[in-house]
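*Asks:* Numbering (the UniProt record's numbering), first residue to last: 1 to 458. Below: one structure in structure tokens.
See the structure below:
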């Protein structure tokens with residue numbers, strides 16, 4: 001018996017070694033770039049541009065400096081990647097209809113291919129269908145009006161918890177609160193009304209963040225042993241949401257009516273159930289949306305609170321702005337909290353310019369964004385009038401800090417100075433798309449900045 005087990009292990013190890021060798025030989029061959037592609041950055045035989053994983057900002061800066069146009073080409077495994085920069089590169093990246101956002105995410109998060117099927121436009125989880133559902137539920141004015149009511153309980157619970165603790169870690173607290181309030185907006189009250197369950201969900205989402213490594217471009221994601229912990233966390237997340245969806249569907253089948261006026265049950269989840277979406281598709285959409293929402297937002301907001309707490313000048317100005325808004329909208333015997341919660345969408349969008357400037361400045365400095373898209377067209381995509389192109393099937397990357405920390409655009413870019421986003425300076429308008437913290441061109445987070453301002457000002 002022992003000999004049989006040993007022989008099986010030896011055979012398995014041998015087959016695994018053969019498979020690794022075959023994979024390395026496949027990766028050693030790379031499809032060449034066309035002659036009019038940007039300058040090629042040297043890399044290692046199998047992995048490609050390993051420097052990207054070790055020091056992303058330095059790699060992008062040095063590659064840009066070494067190219068006469070600022071654009072550059074490199075390999076990640078077998079993937080051809082073009083890095084763009086400058087005003088023409090930004091314009092191409094954000095405006096070209098052939099550069100696809102959804103398929104670009106598969107380069108930096110390979111396990112996303114397990115969640116989505118981007119090549120089938122008829123699939124319920126295709127990006128166009130998900131965006132349609134999001135627009136219906138969240139981005140229309142009537143959807144935005146429901147946000148304060150949906151997150152009210154979460155906000156009160158979070159503030160009470162913070163007040164009780166006194167000294168907090170903003171990154172931990174806001175990450176948990178963000179997951180909880182986001183689920184409330186989605187209409188998943190089972191999570192939104194349970195701090196322990198929202199904390200569990202937040203930990204599972206956080207575990208999936210920042211998992212992209214050099215091994216992902218060498219080994220297929222499902223065969224990569226380094227992805228086992230991530231796959232386990234993803235599985236746990238799927239089970240958690242699957243149980244919620246099945247319970248909600250069972251309640252509907254048993255004839256329990258859904259109160260459309262209750263923000264805890266009316267939302268994106270209920271809309272998908274009523275449209276007859278399968279449980280599998282609903283789970284995939286909710287996970288994809290939750291991962292996208294978790295992103296940089298809790299970290300950016302935490303840094304904004306830290307900067308305000310350490311900057312007396314801006315803290316005083318923001319507090320004064322909030323007090324002025326409260327005094328304009330406050331009714332007899334209303335508290336400041338009640339006055340803020342009663343504001344409509346227009347007030348949130350136009351009456352907090354200082355708070356909005358603080359948020360934009362925090363995004364500029366704190367957001368760690370390497371934006372990725374993929375050329376899904378059949379032809380080369382020209383990069384402005386540089387004479388360089390992005391070949392079909394190639395990925396495209398844009399380093400957000402390329403312009404966000406450019407001293408020619410932002411005065412003293414390393415300093416946290418919200419005044420640069422106010423109308424008298426407006427440094428972000430010096431160049432087209434000089435601020436892309438919430439996307440730009442054909443793909444941007446519409447009204448999301450106003451939603452964040454509203455959400456975190458209580």
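Even for Gly, the Cβ is constructed at its ideal location relative to N, Cα and C. Predicted model only: the values in this text are computed from it and were never measured.
#1: For residue 399, which of helix, strand or coil comes out of DSSP?
#2: If you run the structure through DSSP and keep just helix, strand and coil, what is residue 376?
#3: When you compare the CB positions of residue 236 and residue 204, do they come within less than 8 Å of one another, or not?
#4: For residue 459, does the count of other Cβ atoms within 10 angstroms reach 16, so buried, or fall short, so exposed?
#5: Please report how far the alpha carbon of residue 383 lies from the alpha carbon of residue 95, in whole angstroms.
#6: Please list, in chain order, all residues of the same chain as residue 92 whose beta carbon is under 7 Å from its beta carbon, the five residues on each side excluded.
#7: If I measure Cβ to Cβ from residue 7 and keep anything under 7 Å in the same chain, skipping five residues before and after, which residues do I get?
#8: What does the Cβ neighbour count give for residue 163, buried or exposed, with the cut at 16 atoms within 10 Å?
#9: Taking the DSSP output, what are the residues bridged to residue 81?
#10: Buried or exposed, going by whether 16 or more other CB atoms sit within 10 Å of the CB of residue 60?
#11: Hey, how far is the Cα of residue 367 from the Cα of residue 435?
#12: Hey, residue 104 and residue 395 are a contact pair by Cβ (cut 8 Å); roughly how many whole angstroms apart?
#13: Tell me the DSSP secondary structure of residue 370 in three-state form.
#14: With H, G and I counted as helix, E and B as strand and the rest as coil, what does DSSP make of residue 433?
#15: With 16 as the cutoff for other CB atoms within 10 Å, does residue 82 come out buried or exposed?
#16: State the beta-bridge partners of residue 36 as determined by DSSP.
#17: On the DSSP letters alone, give me the boundaries of the alpha helix (DSSP H) that residue 239 sits inside.
#18: Does the stretch 305-315 come close enough to the stretch 277-297 that 3 or more CB-CB pairs lie under 8 Å?
#19: What residue range is occupied by the uninterrupted alpha helix (DSSP H) comprising residue 87?
#20: Pull the bridge partners of residue 100 from the DSSP assignment, please.
#21: Is it buried or exposed, residue 287, if we count other Cβ atoms within 10 angstroms and call 16 or more buried?
#22: With distances taken between CB atoms, is the gap from residue 56 to residue 340 smaller than 8 Å?
#23: State the DSSP-derived secondary structure class of residue 382, mapped to helix, strand or coil.
#24: Relative to the alpha-carbon of residue 107, which residue among 388, 190, 393 has its alpha-carbon at the smallest distance?
#25: For a test of the three-state rule: what should DSSP assign to residue 410, helix, strand or coil?
#26: Here's a check: name, in chain order, each residue in its chain whose Cβ is nearer than 6 Å to the Cβ of residue 282, leaving out the five neighbours to either side.
#27: Is the Cβ-Cβ distance between residue 171 and residue 302 less than 8 Å?
#28: At what residue ranges does the stretch 159-207 contain a whole run of the beta strand (DSSP E), taking only runs of 3 or more?
#29: Should the stretch 350-359 be called in touch with the stretch 36-45, which here means at least 3 C-beta pairs below 8 Å?
#30: So is residue 451 buried or exposed if we call it buried at 16+ other beta carbons inside 10 Å?
#31: Specify the secondary structure class of residue 141 as computed by DSSP and reduced to three states.
#32: Can you tell me where the alpha helix (DSSP H) with residue 298 in it begins and where it stops?
#33: Give every residue of the same chain whose Cβ lies closer than 7 Å to the Cβ of residue 33, excluding the five residues on either side of it in the sequence, and list them in chain order.
#34: Exposed or buried, residue 299, counting other C-beta atoms within 10 Å across all chains shown (16 or more means buried)?
*Replies:* The answer reads as follows:
#1: In the chain shown, the residue the question calls residue 399 occupies position 399. If DSSP states are grouped into helix, strand and coil, residue 399 belongs with the strands.
#2: In the chain shown, counting from the first residue as 1, residue 376 sits at position 376. Residue state, collapsed to three classes: coil.
#3: Here residue 236 corresponds to residue number 236 of the chain shown, with the count starting at 1. Here residue 204 corresponds to residue number 204 of the chain shown, with the count starting at 1. Cβ atoms of residue 236 and residue 204: closer than 8 Å.
#4: Nothing about residue 459 can be read from this structure; the chain reaches only from 1 to 458.
#5: In the chain shown, the residue the question calls residue 383 occupies position 383. In the chain shown, the residue the question calls residue 95 occupies position 95. Straight-line Cα distance between these residues: approximately 11 Å.
#6: If you number the chain shown from 1, residue 92 lands on position 92. Here the set comprises 84, 381, 383, 384.
#7: Residue 7 sits at position 7 when you count from the first residue of the chain shown. So no residue of the chain qualifies.
#8: Within the chain shown, numbered from 1, the residue matching residue 163 stands at position 163. So residue 163 ends up on the exposed side.
#9: Translated into the one-based positions of the chain shown, residue 81 becomes position 81. Looking at the DSSP assignment, residue 81 forms a beta bridge with 74, 395.
#10: For this step, residue 60 is matched to residue 60 along the chain shown. So residue 60 ends up on the buried side.
#11: By 1-based counting over the chain shown, the position of residue 367 is 367. By 1-based counting over the chain shown, the position of residue 435 is 435. Taking the straight line joining both Cα atoms gives about 12 Å.
#12: The count along the chain shown starts at 1 and reaches residue 104 at position 104. The count along the chain shown starts at 1 and reaches residue 395 at position 395. Residue 104 to residue 395, Cβ: 6 Å. Contact.
#13: Here residue 370 refers to the residue found at position 370 when the chain shown is read from its first residue. Of the three classes helix, strand and coil, the one that applies to residue 370 here is strand, per DSSP.
#14: Within the chain shown, numbered from 1, the residue matching residue 433 stands at position 433. Coil.
#15: As a first step, residue 82 must be located in the chain shown, where it is residue number 82. Classification for residue 82: buried.
#16: Locating residue 36 in the chain shown gives position 36, where the first residue counts as 1. Note: residue 36 sits in no beta bridge, so no partner.
#17: Along the chain shown, one-based indexing puts residue 239 at 239. Here the alpha helix (DSSP H) through residue 239 covers 228-253.
#18: no
#19: Counting from one through the chain shown, the residue named residue 87 turns up at place 87. Its alpha helix (DSSP H) spans residues 86-95.
#20: Translated into the one-based positions of the chain shown, residue 100 becomes position 100. Paired residue(s): 374.
#21: As a position in the chain shown, residue 287 is number 287, starting the count at 1. Looking at its Cβ environment, which holds 16 or more other Cβ atoms inside 10 Å, residue 287 is buried.
#22: Reading the chain shown from its first residue, position 56 is the one you call residue 56. Reading the chain shown from its first residue, position 340 is the one you call residue 340. Contact flag unset, no.
#23: Taking the first residue of the chain shown as position 1, residue 382 is located at position 382. It is a strand residue.
#24: Reading the chain shown from its first residue, position 107 is the one you call residue 107. Nearest of 388, 190, 393 to residue 107, Cα basis: 393.
#25: In the chain shown, counting from the first residue as 1, residue 410 sits at position 410. In this structure, residue 410 counts as coil in the three-state DSSP scheme.
#26: The residue labelled residue 282 in the question sits at position 282 within the chain shown. Once the five neighbours on either side are set aside, the close Cβ partners of residue 282 are 245, 272.
#27: Locating residue 171 in the chain shown gives position 171, where the first residue counts as 1. Locating residue 302 in the chain shown gives position 302, where the first residue counts as 1. Yes, these two residues count as a Cβ contact at 8 Å.
#28: none
#29: no
#30: Looking up residue 451 in the chain shown gives position 451. With a pLDDT of 41 at residue 451, under the threshold of 50, the modelled position of this residue cannot be trusted, and the question is left open.
#31: The count along the chain shown starts at 1 and reaches residue 141 at position 141. The predicted position of residue 141 is uncertain, since its pLDDT is 49 and thus under 50; a value taken from the coordinates is nonetheless stated next. Helix, per DSSP.
#32: Here residue 298 refers to the residue found at position 298 of the chain shown. Run containing residue 298: 297-309, per the alpha helix (DSSP H) assignment.
#33: By one-based count along the chain shown, residue 33 stands at place 33. Only 40, 73, 80, 391 meet the Cβ criterion.
#34: Within the chain shown, numbered from 1, the residue matching residue 299 stands at position 299. Under this definition residue 299 is a buried residue.
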